[in-house]
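*Asks:*
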Amino acid sequence: MAPPTPRTFHVYAGPTLVLTAQDTPGTLRSSVRGGAFPTHPFLDAQAWDAAHEHELRALLLDARSFDGFLRGLIHAGFDLASERFRGSPPGHRLMRDDAPVGAVWERAGRFAALTWPASRPTPHSEHALLTAYTEEHAELLADALQRSSSMDELRALLSALQLRLAPLGA
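Each residue of the sequence shown is one higher than the one before, starting from 80 at the first, in this note's numbering.
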């Protein structure tokens, strides 16, 4: 049996891509050229934005696992996507009360979740790229994405789930 495919997430601060992180032992590559790349026991990462590297490094030092690092990023206000893009289309953090449960961008893309069985297919959408942050909401968000045929329909389904869309970086 082949080893599982490492999970990869692209980390955004508002519309700015700041990091690509993969859950496999590797190196930590800075956006600043030059110097040696330190190795890391559970993360292979490429920083894209020097202005955020200090904060990203501090969050990584506090983390004991890849999942812990992702939770720290979300708690600090960063958002995660399954795909890399620059010049981000409008994006929204999905909130349940005051807790982030996901993020959605108005662009074609693949559904992702922090906890999603590798054996399950990941839905693709022509109108939204969506990431679920909580296990509790992953199935609901994947279902809403599959049932909608436009961003307006997805917004209505998310509203029916009592989720609020907050602009990214707000």
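Each residue gets a CB set at the ideal place from its N, CA and C atoms; glycine is no exception.
In this text, all values refer to a predicted model and were calculated from it rather than measured experimentally.
Quick one: what's got a C-beta closer than 6 Å to R189's C-beta in the same chain, skipping five residues either side?
*Replies:* For the purposes of this step, residue 189 is taken as the residue at position 110 of the sequence shown. Answer for R189: S161, T201 and H203, listed in chain order.
*Asks:* I'd like to know if the stretch 105-118 and the stretch 169-183 are in contact, where contact means that at least 3 CB-CB pairs between them fall below 8 Å.
*Replies:* Verdict: no, contact absent.
*Asks:* Find the nearest neighbour of L149 within the set H131, D176, T194 and P168, judged by alpha-carbon distance.
*Replies:* To locate residue 149, count along the sequence shown from 1; it is residue 70. Nearest of H131, D176, T194 and P168 to L149, Cα basis: T194.
*Asks:* In three-state terms, what does DSSP make of L242?
*Replies:* As a first step, residue 242 must be located in the sequence shown, where it is residue number 163. Coil at L242, not helix or strand.
*Asks:* Whole angstroms are fine: how far does the CA of L173 sit from the CA of S229?
*Replies:* Taking the first residue of the sequence shown as position 1, residue 229 is located at position 150. Taking the first residue of the sequence shown as position 1, residue 173 is located at position 94. About 17 Å.
*Asks:* May I ask which residues mark the beginning and end of the alpha helix (DSSP H) holding R165?
*Replies:* Sequence index remark: in the sequence shown, residue 165 carries index 86 (1-based). R165 -> no alpha helix (DSSP H), and no H or E assigned at all.
*Asks:* Please classify A178 as buried or exposed, where buried requires at least 16 other C-beta atoms within 10 Å of its C-beta.
*Replies:* As a working note, residue 178 is residue 99 in the sequence shown. The residue is exposed, with fewer than 16 neighbouring Cβ atoms inside 10 Å.
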